Structures are given as structure tokens and as C-alpha cells.
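Each residue of the sequence shown is one higher than the last, beginning at -13 in the numbering used here. Below is one structure, written out as C-alpha cells; the observations come after it.
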Amino acid sequence: MTDDRTSTPTAQALAGIRVLDLSRVLAGPWATQTLGDLGADIIKVEKPGDGDDTRGWGPPWLSDGEGRPTRESAYFLAANRNKRSVTIDMATPQGQALIRRLAEQSDVVVENFKVGGLKRYGLDHESLAALNPRLVTCSITGFGQDGPEAGRAGYDFMIQGMSGLMSVTGSPEGEPQKVGVALVDILTGLNATIGILAALEQRHRTGRGQHIDIALFDVAVASLANQALNFLVGGSAPHRLGNAHPNIVPYQAFETSDGHLILAVGNDAQFARFCRLAEMPELADDARYATNRERVAHRETLVPLIAAALKRQATGAWLAMLDAAGIPAGPINTIAQTFAEPQALARGLAINLPHPLGSTAPGVRNPLRLKDSPFDAPTAPPLLGQHTDEVLETLLGVNACELQALREAGII
């Protein structure tokens, strides 16, 4: 397909790629937001009247230009910038026909319906690929397209529990804990993005699209990383260590005289320098602690010695000394403190985007920085149905009378 945007040597990386976003909540929208940040044209199809579920997941709510709260939730704002919102009722034959026509004009479809959920609408990959063989469809589900759990709904929290992630998160004395954000959804969105880019590259060679099957459960298990291999290699299921690391010591949070810090010693040379700094040089020569292998084996006796030493001074003093000595360490910030960090300010991590309601919509900058294809000025997350007429007119040639009829029938 072609796009009406002009390609230039400094065009965004995905300029000319159109994505039809049939997803909602977080994993799918996170993937399409990333693609939109990279320059793809994202057409987000939402249910008339309600839209994406997360539009109602507040407070907090965005304020308009006069400081009054709107119906735009912070949750929705987090995952939907750089998109055009089109309201279409896909439960109706006319709505299904409109979506099929949009799919014919698209490169990618992203959806997170239950397995088989779109087939009854004629909007599954096989049906759409018959119309557009170059189409890449990414289906995001809780458990994948096959297997005994394929038909189940999957949510981040329950997947964190089922995958084993919660079994290694939290204090050994406490209950299993979930991560403080919906990290499985975020990781699924990022993995979906990788899969979509790979499929587009393969299409460049073959001329044909394909179906991508990505599951929250698969992503969560794959993301166990070293903890999964600790089990598969060692044969014993890892257990919760609080802020400690299963394979590195010392690598955890410690109390200081006025708070806490994270000490992340990554090798034996760093440990020796830390011992000198903490006025315990003898520990670096002790056979029980000289190597990381032995420190892991003897963590029960070593960690209390380090904890006692770190309590002697304040967090700020320790961090200055550790940094000067080249020993990795850092504070445990609140989110407010994070955005006040000099590095966060220098890198412009907090952004503000002009919003159609007359205010600005806060956001967090995409971490990707492509030197030769920099991001254009991002756009704020759209109002529900903000671009319905624009998209249907320009892409499908629907005229004003037809739009009015569709609107009166509740189809858009």
C-alpha cells in the first residue's frame, strides 16, 4: 500500500505503514503506541459511546483548558498517543464491512480478542488475508491460539501468578507479590512490536503477510530469564529473596542511617573496593567472600556485616562515596523523585502534548532514540471518535450523507 505522507531522508522509521488497531486495555495498545511513536499511522477502532475500557479507568482524570476534570483517564493517556480514533460498531454487518475495507488499506492489524472472537465477524486473519494477502495480523491473547487453556481470558495479575513471577517477587516472610505495574502486559506489547517488525521485514522479501500468535503467559514465562534457567539447570524452584539477587551477592537494598540504598556489586574487583570503602578490607581476602560464587554460598553471614556497615552513614554520603569508587549503587526513589532526577530532566522523559480539549496531556517519552529517523512531534491520545469522519472520508471515500446515515444508525 501507499501512504499520503511524503517520504524524506529524515522520515520516521515506519512512515508509510498503516496499523489497524482493534485492541484495547494495555498490551495491544502499548504495541500500537510504540509503532505510532516510530511513525506508523495508527487507526484505533473503538466501540461507539464507550470506547477503550481504559477510558473509564480513573481517577485521575485529565483536566481541560480551564482546569475542569474530563473523561480522559490517566490510564488511557499512558498507552494511546500518536493514534487516530474511529468509532465503529463491529457487531453490525455494516460496521464489519467498514473494518474490512480499512484492513484492505492497512499493513498490520493488532487485536486482543479471545481465540476465535473475530471469526464470527469475518474479521479474523484468514478472512482479512483473503482480501489483503500482504496483511500482518498480530493476535494477543492470555494463553495463545492452541493448548488446553487457549479459550481462557488472561489478565496481567493472574498471569503474573500462573507464570511463577510472583513466586520470586516479595519478601521471603511475606506473601507473593505482583510487580507494581502491569509488566506482563507491557512486555507482551513490546514482544508484539518485535514480532510485527519481523513480519514486515519478511513481507518485504516474500510479498506476503502472516499471522502472529503472542500470549501473555508465554511472554511471562520467557521473561523469567535467569530464574527460569536456575530451575531448569539446577532442578530446584527459586524462592522469594525480597530485594536480594539469587545469583549475585551483594546485590540488594540496604538500610542506611537515614533511609535505604541499592548496592549492586557486579564483580569481585568491585567487592574488594567496597570492602575498603566500608573499612572492612579483610572481607575481600576471606575465602568465604573473595569470589561471587562463595559470597552466594555464604550470604547468610556476609549480608549482616554489610548491613551493619551501611547503617553508619546517610544515604547521600554513601552514594557519593560509592559513585566515586566506581561501585554501582543508587537510591530508591518515589516516582515523583524519579521525574525530578537530573538525568530524567536532561533526557526530557516527561513530555506534555497539546490536547484537543484545550489543555496539555502529560506523557512519558519513548525510550527509543533513532539518530537518522527521529520522532516527529507526538500527538496526544485522541478523543473518542475524534477522527471517524476524517478516516472514513479520506481512506474509504465515504461522503457526508453516508456518514450521517451511519451515525444515525449507531454504526459509527
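All C-beta atoms in this analysis are idealised placements derived from N, C-alpha and C, irrespective of residue type, glycine included. On a predicted model such as this, the values are computed, not experimentally measured, just so you know.
Reduced DSSP secondary structure (H/G/I, E/B, other) of residue i
| i | result |
| --- | --- |
| Q390 | helix |
| F240 | strand |
| T78 | coil |
| S92 | coil |
| D27 | strand |
| T(-8) | For T(-8), the predicted structure reports a pLDDT of 43, less than 50, and the residue's modelled location is therefore unreliable. The matter cannot be settled from this model. |
| R259 | helix |
| D199 | strand |
| R106 | helix |
| S125 | strand |
| M(-13) | Bear in mind that the predicted position of M(-13) carries a pLDDT of just 47, short of 50, making it too unreliable to give a figure here. |
| E32 | strand |
| S153 | helix |
| A322 | helix |
| N253 | coil |
| P45 | coil |
| L381 | helix |
| I401 | Here the chain comprises residues numbered -13 to 398, so residue 401 is not present and cannot be evaluated. |
| L401 | No statement about residue 401 is possible, as the shown extent of the chain runs from -13 to 398 and does not include it. |
| M307 | helix |
| A231 | According to the sequence shown, residue 231 is His rather than Ala. Three-state result, H231: coil. |
| P364 | coil |
| P401 | Nothing about residue 401 can be read from this structure; the chain reaches only from -13 to 398. |
| L356 | coil |
| L63 | helix |
| Q299 | coil |
| H373 | coil |
Delimiting residues of the beta strand (DSSP E) encompassing residue i
| i | result |
| --- | --- |
| F99 | F99 -> no beta strand (DSSP E), and no H or E assigned at all. |
| I313 | It is not in any beta strand (DSSP E) - I313 carries neither H nor E in the DSSP assignment. |
| V170 | Run containing V170: none in the beta strand (DSSP E); it sits in the alpha helix (DSSP H), L169 to T192. |
| D7 | R4 to D7 |
| R57 | P55 to S59 |
| R70 | R70 to T73 |
| A211 | Note, A211: premise wrong, no beta strand (DSSP E); alpha helix (DSSP H) at A211 to G220. |
| L339 | A336 to P340 |
Cβ neighbour criterion (16 or more within 10 Å) applied to residue i
| i | result |
| --- | --- |
| R285 | buried |
| Q146 | buried |
| A387 | Reading the sequence as shown, one finds Cys at residue 387 and not Ala. Classification of C387: exposed, given that the 10 Å Cβ count is below 16. |
| T287 | exposed |
| H400 | No statement about residue 400 is possible, as the shown extent of the chain runs from -13 to 398 and does not include it. |
| R106 | exposed |
| K357 | exposed |
| K69 | buried |
| S125 | buried |
| E97 | buried |
| T277 | exposed |
| E394 | exposed |
| R194 | exposed |
| E58 | buried |
| A322 | exposed |
| T324 | exposed |
| T(-6) | Only weak support exists for where T(-6) lies, its pLDDT of 49 falling under 50; the coordinates are left without a value. |
| T73 | buried |
| T123 | buried |
| I313 | buried |
Top-ranked residue by Cα proximity to residue i, from the options
| i | options | result |
| --- | --- | --- |
| D375 | V31, Q(-2) and A258 | V31 |
| T192 | L121, I172 and L227 | L121 |
| L381 | I28, G316, R87 and L0 | R87 |
| S71 | V101, P342, A230 and F257 | P342 |
| G316 | L21, H246 and A185 | H246 |
| F257 | A311, A366 and L389 | A311 |
| G44 | P34, T56, K33 and L392 | T56 |
| V165 | N229, S222, E159 and A223 | N229 |
| P46 | A306, A208, F62 and D254 | F62 |
| L8 | S359, D39 and L249 | D39 |
| L0 | R355, A214 and S359 | S359 |
| L339 | E327, F361, A366 and S209 | A366 |
| A250 | G150, S243, P34 and L305 | L305 |
| A363 | L48, G349, T320 and L369 | G349 |
| L370 | D23, N319, D36 and A13 | D36 |
| Q82 | I200, K33 and N177 | K33 |
Inter-residue CB distance, residue i and residue j (contact presumed, cutoff 8 Å)
| i | j | result |
| --- | --- | --- |
| L378 | T179 | Incorrect: roughly 27 Å between the Cβ atoms, too far for contact. |
| I29 | V5 | 7 Å |
| M152 | F203 | About 13 Å; that fails the 8 Å criterion. |
| I172 | I198 | Between I198 and I172 the Cβ distance is about 18 Å, and since that is not below 8 Å, they are no contact. |
| P236 | I292 | 5 Å |
Host alpha helix (DSSP H) of residue i (start-end)
| i | result |
| --- | --- |
| R351 | R351 -> no alpha helix (DSSP H), and no H or E assigned at all. |
| L121 | Neither: L121 is in no alpha helix (DSSP H) and is coded neither H nor E. |
| I145 | D142 to M148 |
| P328 | P328 to A332 |
| I292 | R285 to L296 |
| A139 | No alpha helix (DSSP H) contains A139, which DSSP labels as neither H nor E. |
| E52 | Premise fails: E52 is in no alpha helix (DSSP H) and is neither H nor E. |
| E268 | E268 to D271 |
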